[in-house]
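Counted the way this note's numbering counts, the sequence shown spans residues 102 to 227.
Even glycine gets a Cβ: it sits at the ideal position worked out from N, Cα and C.
In this text the structure is predicted, and so the values were computed from the model without any measurement.
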Amino acid sequence: MATIMEALGGKSGQTIMEVLGGKGGQTIAQVITETGLTPVEPEPVVTYTVTYNANGGTGTIDPVTVTAGEAVTLDDGAGLTAPENKEFKGWAKSSSAQNPTVTSPFTPEADTTLYAVWGDPIAPQQ
């Protein structure tokens with residue numbers, strides 16, 4: 102792997118200003134302008150927001166913003182109140198889903214709204 106100085110075509114003992122053709126007292130910005138070099142802009146950080154929708158229940162869950170490629174642990178729905186005679190089953194990308202379709206951890210590929218999935222409570226075992 103080359104050093105920065107080698108990549109710029111410099112020799113041992115030279116400063117970056119000397120390699121870029123600068124003169125004493127000049128700033129790097131002045132040298133870049135004079136030589137026509139184009140500064141490299143850093144890549145923007147891409148983030149996605151996961152928004153939770155109570156989907157017939159009540160309560161709110163704060164949205165989560167995650168860097169692209171990273172996973173988020175999904176909320177467990179404990180902060181929501183279920184519709185009458187229903188219980189929280191999980192999350193789906195569709196408001197009409199009958200079963201959860203999204204599992205935790207979840208890695209979004211775009212801004213995503215997840216909808217609470219409500220179902221009949223499981224009858225206690227006798």
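Rounded to whole angstroms, ASN200 and LYS190 show a C-alpha spacing of 7 Å.
The shortest CA-to-CA distance from GLU188 to any of LYS194, SER195 and GLY180 is the one to GLY180. For ASP212, same chain residues with a beta-carbon under 7 Å away, outside a window of 5 residues either side, are TYR149 and THR150 in chain order.
Classified as exposed, VAL141 has fewer than 16 neighbouring CB atoms from the shown chains inside 10 Å of its CB. Here GLY157 has PRO184 and TRP219 as same chain residues with Cβ atoms under 7 Å from its own Cβ, once five neighbours each way along the sequence are excluded.
Residue environment analysis places ALA172 among the exposed positions, since fewer than 16 neighbouring C-beta atoms fall within 10 angstroms of its C-beta. Under DSSP, no beta-bridge partner is assigned to VAL147. For PHE189, the enclosing beta strand (DSSP E) has its first and last residue at 188–193. Membership of VAL218 in the beta strand (DSSP E) is indicated by the continuous run 213–220.
Around the beta carbon of PRO225, fewer than 16 other beta carbons lie within 10 angstroms, which makes this residue exposed. In this structure, DSSP gives THR134 a helical state, which the three-state scheme calls helix. Following the DSSP letters along the chain, one finds THR168 inside the beta strand (DSSP E) bounded by residues 165–168.
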